[in-house]
Every structure is written in C-alpha cells, then in structure tokens.
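A quick write-up on the structure given underneath.
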Amino acid sequence: MAEKALKNRGSSATADVAGYRVPYRVFTDPDYYRREQENIFQGETWSFVALEAEVPEPGDFKSTFIGETPVIVTRGSDGKVHVVVNRCAHRGALVCREMRGNRPSLECVYHQWAYDLEGNLIGVPFRRGLKGQGGMPGDFDMKEHGLRKLRVDSVGGLVFASFSETVEPLRDFLGPIVIEHIERIMCKPIKVLGDQRQHVHGNWKLYAENTRDPYHASLLHLFHNTFGLYRSTQTGKSVMDANKRHSLLYSIAASNDDAADKQAYGDSRTFDTEFKLQDMSLLKGRQEFDDGVTLVILAVFPNLVLQQIQNTLAVRQTVTKGTDGFELVWTHFGYADDDVEMQAIRQKQANLIGPAGLVSMEDGEAVEIVQRAVIGEHDAASYIAMGGDRPDDADHLVTEGAIIGFWHNYEKLVGFGIAP
Numbered sequence: 002m003a004e005k006a007l008k009n010r011g012s013s014a015t016a017d018v019a020g021y022r023v024p025y026r027v028f029t030d031p032d033y034y035r036r037e038q039e040n041i042f043q044g045e046t047w048s049f050v051a052l053e054a055e056v057p058e059p060g061d062f063k064s065t066f067i068g069e070t071p072v073i074v075t076r077g078s079d080g081k082v083h084v085v086v087n088r089c090a091h092r093g094a095l096v097c098r099e100m101r102g103n104r105p106s107l108e109c110v111y112h113q114w115a116y117d118l119e120g121n122l123i124g125v126p127f128r129r130g131l132k133g134q135g136g137m138p139g140d141f142d143m144k145e146h147g148l149r150k151l152r153v154d155s156v157g158g159l160v161f162a163s164f165s166e167t168v169e170p171l172r173d174f175l176g177p178i179v180i181e182h183i184e185r186i187m188c189k190p191i192k193v194l195g196d197q198r199q200h201v202h203g204n205w206k207l208y209a210e211n212t213r214d215p216y217h218a219s220l221l222h223l224f225h226n227t228f229g230l231y232r233s234t235q236t237g238k239s240v241m242d243a244n245k246r247h248s249l250l251y252s253i254a255a256s257n258d259d260a261a262d263k264q265a266y267g268d269s270r271t272f273d274t275e276f277k278l279q280d281m282s283l284l285k286g287r288q289e290f291d292d293g294v295t296l297v298i299l300a301v302f303p304n305l306v307l308q309q310i311q312n313t314l315a316v317r318q319t320v321t322k323g324t325d326g327f328e329l330v331w332t333h334f335g336y337a338d339d340d341v342e343m344q345a346i347r348q349k350q351a352n353l354i355g356p357a358g359l360v361s362m363e364d365g366e367a368v369e370i371v372q373r374a375v376i377g378e379h380d381a382a383s384y385i386a387m388g389g390d391r392p393d394d395a396d397h398l399v400t401e402g403a404i405i406g407f408w409h410n411y412e413k414l415v416g417f418g419i420a421p
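Using the numbering used here, the letters of the sequence shown map in sequence onto residues 2 to 421.
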C-alpha cells in the first residue's frame, strides 16, 4: 500500500524528486486524531489559550480548550494567570460552563466541590458527614484533589499553556522570529474588541496548511486580488523558525504594479474583476508600522494564528472537534490608546475577516471541499511542490515550503505510518 511505502521511506521519504506527499488518511483516520491529542496537544508543545487582556482583573476567567481538553484560564488573587483542566476532581464534570466572567472561586454544579482560582480544592460539602454518618475517608487530603494545573507562560501578552513538565521553555519553543513578530504587533497595551466563532466541517490540519500557504491567497480570495490587499507579485516573504514548526508570511501592498500584475495573472478569475465596493472607505486606513508591512500571518504550532491585515488585528485559535471538524475562534483587538478614528477603522475593517469576512470566508469552504473529497482514501496522498519539496524559507510568495515544515514536525510527533 502507498501508506506503507510512505512509512518505510522514513522522515525524508515523503518527498520524491518532484514533490512532498502527505497521506490523506491523516485527515480522516481516528487513530491519527487520538495520537494528535496525546502527542501534540498534551505532549511536548505549548498551546495558545488566551490574551492576557481577556482576564485583566483578579477573578476574571475564560473557558477554552487545548485540543479537545477543556481548560480554564484565570487571573488569580496573586495577579498571575493560571490554567487548569476544566474537569472536577470528584466525578469528572465540567467545573466552569460559562465562556467568561469574574468570580472569587470555581464551583462544580454537580456536588458543589469548590476550587480557588489556582485550582486548589477549598470546599467539599458534607466532607465530615452528617449526624455522625457518611463523609469522606479520614485520610482524605484536600491538597491531593485539586484541578490539574498546567504550565503557563506568556510572550507579548499572549498566554500559552502546556501539559508537559519537560517541554522546553516557551521562548525557546517559539524562537526569535516568532517572538520578534509577536512583539511587533503586541507592542503596547491592547483592548479586546470581541470574538467571532466558526465551526468548520473539516480537519484542523487542513487549516494549518491554509495559514502557511501564500500560494493560495491571491488565487482563492477574489477580494484580496481585486482590491490589491494581497497579490503574489507583492514584495514579501515566507519564513520559518529554526525547527520549521512556525511560519511567518508577510507582504507589502504598496509594492503593487497593476500592469505587471495583469500580465502575471492573465485571465485569472480573481484579477481585474468587475467587482466594486459601494463604500470604498472600508479600505481606507492608516499605516501603523514603520516597516510598511500591510499583511502578517504568523502561524504558531499547533493552534494559533496572529494576524495583521491592514488595520485589523486578531488572534485565531483552533479547537479540534474530531477528525472532521474544528472551531475557529477569532479574537479581535486594537490598542488601548486608539483614537476615535482608529476605533472606527478597526470596526469597519473587521468585515475583512471572520466566518463571513470579505477576505477570509473562502478558507472554511476550501477546507471543507478537501475534507469531502478525501473521505475513504487509504492510499492516495497530496502533492506539495510549489517552490520545491523542502521546508525552505522564500523571499517571495509563490511557495509551499512552510506547509512542508508543518508536516515535518507533525511526522516527528505523530508519524505517518499508523497501521490500517
């Protein structure tokens, strides 16, 4: 079988002389999904869970997920951010059922076991019984029955958590390129503007490919190309960290050359269209960064995208929901010192992204049409070759190298050779 051949050829065997191949089974087989939860989301990685600005005050909390595991992000009375598994130590019920809020402690509704904001057990009803009957065993130790606490660290106000006690420090996991560009965007205090949530009927790894893929952006997205926000002819780069697990895509819209672009795109359906905006103010913004960069897609393994598209700033968090579904959570933000005009710009340009965004709406559909097409495939594989068959950086935007980098890391953690 082709799957077996891929396995036998080892880590470099998924690349042939013409391209890099990924077996479609990784998008549909439950065995891969199970190993992803164990080896990626609960393994030697750091997952994004929140912006510090989402829990600014003591008592603030946010419920979210790492992979499929529910977790709670809290701001403790000590002023620190904590992350605990959202599962009662008693009988396994969700402790927190609200999306966010503020409270002095966490209480499970099932039997009212209570925990402080660091996850320590502080209350068990009838622990000593009633009228001399019942109660917990005499050697029951409250300290041994708290919520599971995860390692927590942050960079630039982005909070990450890990199940592993042995994973490398967060800044080492991210690497200098990622840290530099997190700090570029998170350069001053931010204000959270709101969330959008999208359920996509496809495998989460298809979206991981999508966000590392500058090749598709001006071909799939009519709005990008028609109005010049992004074109593959622009000045830009696709680069990765030293381990090839994270990727940075950026471009500069000021480098557009309509005549040359017309020649490059020819009769592409996404260039020189007749589409017009009734309100062109949507595209009027401000240059915020001295480098002139107008689009940044920073994809951080395994579950985060930090983006700047014009004046829209947001994080995107991927939450796995089985082999054929994931939730995409978009959290929009601006800067705390934004003036009234910039607030209006960000609000209007928010229409570019999200489930129905003028730029981003096609991405969910692209994921879903791949998912529908590969169901039941045990032997076939994708063919990834634009720009070469290696995870190389590129000083242009016609490359799939960062996708290959993602798969190299996936293969190290999960492998492609699970027996059928």
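Even glycine gets a Cβ: it sits at the ideal position worked out from N, Cα and C. Predicted model only: the values in this text are computed from it and were never measured.
Item	Value
Validate contact between the region 185–196 and the region 247–256 using beta carbons, cut 8 Å, 3 pairs	no
Environment of Y111 [buried if 16+ CB atoms lie within 10 Å]	exposed
Exposure label - W408; buried when at least 16 CB within 10 Å	buried
Own chain partners of G157 with C-beta closer than 6 Å, once the 5 adjacent residues on each side are dropped	I183, E184, M187
Stretch pair the region 368–377 + the region 21–34: three plus CB contacts closer than 8 Å	yes
Member of E210, G293, P170 whose CA lies at the smallest distance from the CA of L1	Outside the shown range of the chain, which is 2 to 421, sits residue 1, and nothing can be said about it.
Simplified DSSP state of M241, which is helix, strand or coil	strand
Cutoff 8 Å; reference G176; Cβ partners in own chain excluding five residues on either side	D242, A243, N244, H247
Burial state of G358 (16 or more Cβ within 10 Å)	buried
Sequence-distant residues of the same chain with beta carbon closer than 6 Å to G406, five excluded per side	M241, K245, P392
N-terminal and C-terminal residue of the beta strand (DSSP E) that D154 is part of	152–156
Residues bridged to S233 [DSSP beta-bridge criterion]	S233 is not bridged to any residue.
Selected residue, minimal CA-CA separation from E412, among D30, E37, P31	E37
Y21 versus L249 - alpha carbon distance	20 Å
For H83, the first and last residue of its enclosing beta strand (DSSP E)	82–86
The region 78–87 touching the region 146–157, judged by at least three CB pairs closer than 8 Å	yes
Sequence-distant residues of the same chain with beta carbon closer than 7 Å to A265, five excluded per side	T234
Cutoff 8 Å; reference L278; Cβ partners in own chain excluding five residues on either side	F228, L284
Alpha-carbon spacing of V341 relative to I191, whole angstroms	15 Å
Cα-Cα separation between L52 and G102, rounded to whole angstroms	15 Å
Short Cβ contact (9 Å threshold) for T271 with L220	yes
Same chain, Cβ closer than 7 Å to A351, neighbours up to 5 away in sequence not counted	T313, H333
Among Y384, K349, F276, the one whose alpha carbon lies nearest that of Q311	K349
At least 3 beta-carbon pairs within less than 8 Å: the region 358–370 vs the region 196–210	yes
C-alpha gap between G355 and W331, whole angstroms	6 Å
Inter-residue spacing [alpha-carbon to alpha-carbon] between T75 and A260	53 Å
Rounded separation between D196 and P57 - CA only	16 Å
Limits of the beta strand (DSSP E) - the one that V72 falls within	70–76
C-beta neighbour in chain C for V415, strict 9 Å	Any reference to chain C falls outside this structure, which holds one protein chain only.
The region 126–139 / the region 64–71 touching (three or more Cβ pairs under 8 Å)	no
Burial state of F327, where buried means 16 or more other Cβ atoms lie within 10 Å	buried
Distance between E45 and L165 (C-alpha atoms, nearest Å)	Before going on, a small fix: residue 165 reads as Ser here, not Leu. So the two alpha carbons sit approximately 6 Å from each other.
Contiguous beta strand (DSSP E) assignments of at least 3 residues, all confined to the region 250–310	296–301, 305–310
Extent of the continuous beta strand (DSSP E) run through E328	327–336
Whether L159 touches V306 by CB criterion (9 Å)	no
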